[in-house]
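Top line first, the protein sequences correspond to chains A and B. Numbered by the working numbering, the letters in the first sequence go through residues 2 to 201 in order. Numbered by the working numbering, the letters in the second sequence go through residues 71 to 611 in order. Each residue gets a CB set at the ideal place from its N, CA and C atoms; glycine is no exception. Quick caveat: nothing in here was measured; it's all calculated off a predicted structure.
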Amino acid sequence: MSETGFIPAERKPPALSVSLGRSPKIGQDRTLLGVVIFIASESIFFLAIVLAYVAYRDSGLATARANLDVGRTAIFSIALFASSGTMALATRARSGAWLAATMLLGAIFLLGQGSEYARLLGEGIGPGSALFGTTFFTLTGLHGIHVLAGLVALAALFTANLGRARAVREVAWEAVGFYWHFVDAVWVVVFSVVYLGTLL
Amino acid sequence: MTAIPLWVRRPAGERVGWLRTVDHKEIGVLYIGMGVAFFAIGGLEALLLRAQLATPEATLVDPETFNQAFTVHGVTMILLAVVPLLVGFANYMVPLMIGARDVAFPRLNALSFWLSLVGGIVLYFSFLAGGAPDTGWFSYAPLSERAFAPGTGVDYYILGLAVNGAGTIIGAINLTVTILLMRCPGMAISRVPLFVWMTLVTSVLILGAYPALTAALVMLFVDRQLGGHFFDPAGGGQAVLWQHLFWFFGHPEVYIMVLPAMGMISEVIPVFSRKPIFGYGFVAGSSVAIAFLSFGVWAHHMFAVGLGDTENAIFSATSMLIAIPTGVKIFNWIATMIGGRLRMTTAMLFAVGFIAMFVIGGLSGVALAVVPIDLAVTDSYFVVAHLHYVLFGGTMLGIFAGAYYWFPKMTGRLLSEGLGRWHFWLTFAGFNLTFLPQHWLGAVGMPRRVFTYAASTGWGPLNLISTIGATILAVAMVVFFVNLARSLRSGEIAGDDPWDAFTLEWSTTSPPPPENFTRIPAVTGRRPLWDRKHPESRDKK
Numbered sequence: 002m003s004e005t006g007f008i009p010a011e012r013k014p015p016a017l018s019v020s021l022g023r024s025p026k027i028g029q030d031r032t033l034l035g036v037v038i039f040i041a042s043e044s045i046f047f048l049a050i051v052l053a054y055v056a057y058r059d060s061g062l063a064t065a066r067a068n069l070d071v072g073r074t075a076i077f078s079i080a081l082f083a084s085s086g087t088m089a090l091a092t093r094a095r096s097g098a099w100l101a102a103t104m105l106l107g108a109i110f111l112l113g114q115g116s117e118y119a120r121l122l123g124e125g126i127g128p129g130s131a132l133f134g135t136t137f138f139t140l141t142g143l144h145g146i147h148v149l150a151g152l153v154a155l156a157a158l159f160t161a162n163l164g165r166a167r168a169v170r171e172v173a174w175e176a177v178g179f180y181w182h183f184v185d186a187v188w189v190v191v192f193s194v195v196y197l198g199t200l201l
Numbered sequence: 071m072t073a074i075p076l077w078v079r080r081p082a083g084e085r086v087g088w089l090r091t092v093d094h095k096e097i098g099v100l101y102i103g104m105g106v107a108f109f110a111i112g113g114l115e116a117l118l119l120r121a122q123l124a125t126p127e128a129t130l131v132d133p134e135t136f137n138q139a140f141t142v143h144g145v146t147m148i149l150l151a152v153v154p155l156l157v158g159f160a161n162y163m164v165p166l167m168i169g170a171r172d173v174a175f176p177r178l179n180a181l182s183f184w185l186s187l188v189g190g191i192v193l194y195f196s197f198l199a200g201g202a203p204d205t206g207w208f209s210y211a212p213l214s215e216r217a218f219a220p221g222t223g224v225d226y227y228i229l230g231l232a233v234n235g236a237g238t239i240i241g242a243i244n245l246t247v248t249i250l251l252m253r254c255p256g257m258a259i260s261r262v263p264l265f266v267w268m269t270l271v272t273s274v275l276i277l278g279a280y281p282a283l284t285a286a287l288v289m290l291f292v293d294r295q296l297g298g299h300f301f302d303p304a305g306g307g308q309a310v311l312w313q314h315l316f317w318f319f320g321h322p323e324v325y326i327m328v329l330p331a332m333g334m335i336s337e338v339i340p341v342f343s344r345k346p347i348f349g350y351g352f353v354a355g356s357s358v359a360i361a362f363l364s365f366g367v368w369a370h371h372m373f374a375v376g377l378g379d380t381e382n383a384i385f386s387a388t389s390m391l392i393a394i395p396t397g398v399k400i401f402n403w404i405a406t407m408i409g410g411r412l413r414m415t416t417a418m419l420f421a422v423g424f425i426a427m428f429v430i431g432g433l434s435g436v437a438l439a440v441v442p443i444d445l446a447v448t449d450s451y452f453v454v455a456h457l458h459y460v461l462f463g464g465t466m467l468g469i470f471a472g473a474y475y476w477f478p479k480m481t482g483r484l485l486s487e488g489l490g491r492w493h494f495w496l497t498f499a500g501f502n503l504t505f506l507p508q509h510w511l512g513a514v515g516m517p518r519r520v521f522t523y524a525a526s527t528g529w530g531p532l533n534l535i536s537t538i539g540a541t542i543l544a545v546a547m548v549v550f551f552v553n554l555a556r557s558l559r560s561g562e563i564a565g566d567d568p569w570d571a572f573t574l575e576w577s578t579t580s581p582p583p584p585e586n587f588t589r590i591p592a593v594t595g596r597r598p599l600w601d602r603k604h605p606e607s608r609d610k611k
């Protein structure tokens, strides 16, 4: 073609993601594998933060027992846990309605966390007040940021799914779903360690 | 007649420019360019340190500047020079070596690079914002807490390393998926070149280690900006938590920096010995063993902290254990050379230099794994000598071997062998002159990171030798840069396969076209190009 002897490739590289029907497999689809590896890496990140919380648990236990409302947080937690169910339904049915339900439940969880933060800060417990505040706000705050990022991903998926074009790659449903279930699973650990831990 | 297009052989009119490129080769070159630039900056910082230490009671720089210089030197060399250089070569070579047209996520690849670079710029911006971090590259708490480091240097350290680390993690995801899913037909994982194996293992190490650093940085950020108490003993926190988290990242980081260099010489040595690598499975398998063990040795950086005899004994044992898979590789490389028809090119010289220097660094490492020895020389120049034998004598010599080996593929031109020999021998002499005396200095008690020392200590002569060595090393680097510049313009035309090599990157043009191959190759062995060139002596498997 050109004087440098460059011969154009006989075919374009494959599209970024191979769609394998309705349920792409992790071991074959690069997007899904990438998301799974990302989640594995994120797990190490949360593990380090949770371990720090556990290491300092004893010195903050009295404050935690006196100030955390386990029952109220449990209700908001159920909203987040339920959102994993609605996400699974959304993924299976490629359903925008179930996506909206997932986003609503995620937002309810964040509102619950926000109101709890407001109450604690009002009582003078903040990240700088004592070791409990430092570890509590860091751990739950980082989780909250991940929920927020998940909501953004859900919103992007929801928007792309609107209209007749349906410009969503099949694998995007699975990928966003994986991430959302991960955020949910992290909360199972955080809720157990931080809130249920006060009942021991 | 224009020169051969560098880095990627694009048809005229199809250039996309460095800012917009998502081609793995151009991003690889960007990474390498970043690494070279920061390597030069970090080297100048090192020269400043050596100039100050050349004579006792010198006052060339003040203590504050000295502290900033050794801190930024360490961070720069490790995170902004060596890692980008290695990731850059991996970016350029891995898709070529496995017969792929690009990495799995080309746009994400560009994001990785730009995050890595911005992280470095943020760190260096601290100089303009009131002073660089001065707490050492591992930035121990509580020294790094606001009470003891009130300036903004540590805050830029936190931000810069977190952003840089995000880029590195995303890059590792990309390379892992690429290697697992993008191999050409017949390229079983048991057939990929060893550099690809090392890149895979390194990527997994990055994915396991860097998040721990990010977590530690977040905690330090909470302490400094939100008044938290993670590492603040006065508030009930424990400063040693930082050390645990940091070295949980920091020791795998050592293998992140050395395994890809081992991969490079595992390509160079067989080609210039005209033999397949001896014990392919052992080279690959021992790397996996190193990866596992590397997450269980971090507290050997903390023997002097006082964790207790049991803990120290356990970490001493695991640290010695990791010498076994490392030693296995040394034997593999030597056995590859035995009986081979050796061609002592500059690339091969650097590869052999790697083995010799890395053995010294490895042995002093085993010595440091012995708790009583470590207690005697901890935080002394013995440790400085050890880590430079591993990271310069090992990693950097490996990178130079890779550079001489792959430069023709990336540019279409050979590096000058004449200047290359000067580069090698000046490096070899300068390096040993710089760092060998530091073993003695450490053994007689010179602490690391001191800004000066009294004449009565008697450390003057060895320090002067070390500084002279560093100057020779600097001259060697100038020779290398001259070689790069001259060969880029007027080096001998390389052709597709100047070394009569084994692997797929040499089967395409130099430099390769966008999308790398006119036809995706299919392979039947570990040396696909050799098999194609020499069908009469194909590898059996």
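Rounded to the nearest whole angstrom, the C-alpha separation of B/Arg596 and B/Leu231 is 38 Å.
Cα atoms of A/Phe183 and A/Ile79: separation of roughly 15 Å, rounded to the nearest angstrom. Within the region 290-310 of chain B, contact with chain A at the beta-carbon level (separation under 8 Å) is assigned to Val292, Asp293, Leu296, Gly297, Gly298, His299, Phe300, Gly305, Gly306, Gly307, Gln308. With a cutoff of 7 Å on beta-carbon distance, B/Pro395 and B/Ser336 are scored as not near each other. Linking B/Gly488 to B/Ala309 through their CA atoms gives a straight-line distance of about 52 Å. In the three-state reduction of the DSSP assignment, B/Pro517 falls in the strand class, which pools E and B. Non-local beta-carbon contacts of B/Arg413 in its own chain, meaning distances under 6 Å to residues more than five positions away in sequence, involve Phe342 in chain order. One alpha carbon belongs to B/Val106, the other to B/Gly297, and they sit about 38 Å apart.
The Cβ of B/Leu251 sits closer than 7 Å to at least one Cβ of chain A. Checking the DSSP bridge columns, you'll see B/Arg483 partnered with B/Ile563. Interface flag for B/Ala174 against chain A is set, since a Cβ pair is found closer than 7 Å. Sequence-distant partners of B/Gly539 (beyond 5 residues in either direction) whose C-beta falls short of 6 Å from its own C-beta, in its chain, are Gly500, Leu503, Thr504. Two segments are said to touch when three or more pairs of C-beta atoms, one from each, lie closer than 8 Å; by this definition the region 144-154 of chain B touches the region 105-121 of chain B. A distance below 7 Å separates the beta carbons of B/Asn553 and B/Leu485.
One finds Ile38 in chain A with Cβ atoms closer than 7 Å to the Cβ of B/Thr246, taken in chain order. The straight-line gap separating the alpha-carbon atoms of A/Ile45 and B/Pro281 is approximately 6 Å.
For A/Ala101, the enclosing alpha helix (DSSP H) begins and ends at 97-123. Taken through DSSP and simplified to helix, strand or coil, B/Ser450 comes out as strand. When CB distances to chain B are screened at a threshold of 9 Å, the residues of the region 117-132 of chain A falling below it are Gly127, Pro128, Gly129, Ser130, Ala131, Leu132, in chain order.
Under the three-state reduction of DSSP, A/Glu171 is assigned to helix.
Interface criterion not met: the Cβ of B/Pro581 is under 7 Å from no Cβ in chain A.
The beta carbon of B/Thr205 sits no closer than 7 Å to any beta carbon of chain A. Under the Cβ criterion of 7 Å, A/Leu140 is not counted among the residues facing chain B. For A/Leu111, the CB contacts under 8 Å within the same chain, skipping 5 residues up- and downstream, are Gly145, Val148, Leu149, Leu152 in chain order.
A residue is called buried when at least 16 other Cβ atoms come within 10 angstroms of its Cβ; B/Pro591 meets this threshold and is buried.
Excluding its 5 nearest sequence neighbours in each direction, B/Arg171 has C-beta neighbours in its own chain below 6 Å: Glu585, Asn586, listed in chain order.
Taking all protein chains in view, the Cβ of B/His321 is crowded by 16 or more other Cβ atoms within 10 Å, so the residue is classified as buried.
B/Ala160 places its beta carbon 7 Å or farther from that of B/Ile97. Along the region 272-285 of chain B, the positions whose C-beta sits under 7 Å from a C-beta of chain A are Leu277, Gly278, Pro281, Ala282, Thr284, Ala285, read in chain order.
Closest in alpha carbon position to B/Ala304, among B/Tyr226, B/Glu381, B/Glu215, is B/Glu215. Spatial neighbours of B/Ile111 in its own chain (CB-CB distance under 7 Å, excluding positions within 5 residues in sequence) are listed in chain order as Thr146.
Using a CB distance cut-off of 7 Å, B/Leu270 does not count as an interface residue toward chain A. What A/Gly35 touches in chain B, judged by beta-carbon distance under 9 Å, is Ala174, Phe175, Leu178, Ile243, Asn244, Thr246, Val247, going in chain order. B/Ala369 and B/Leu377 do touch by the CB rule: their CB atoms are close to 6 Å apart, below 8 Å.
Look at B/Tyr280 here: in three-state DSSP terms it is helix.
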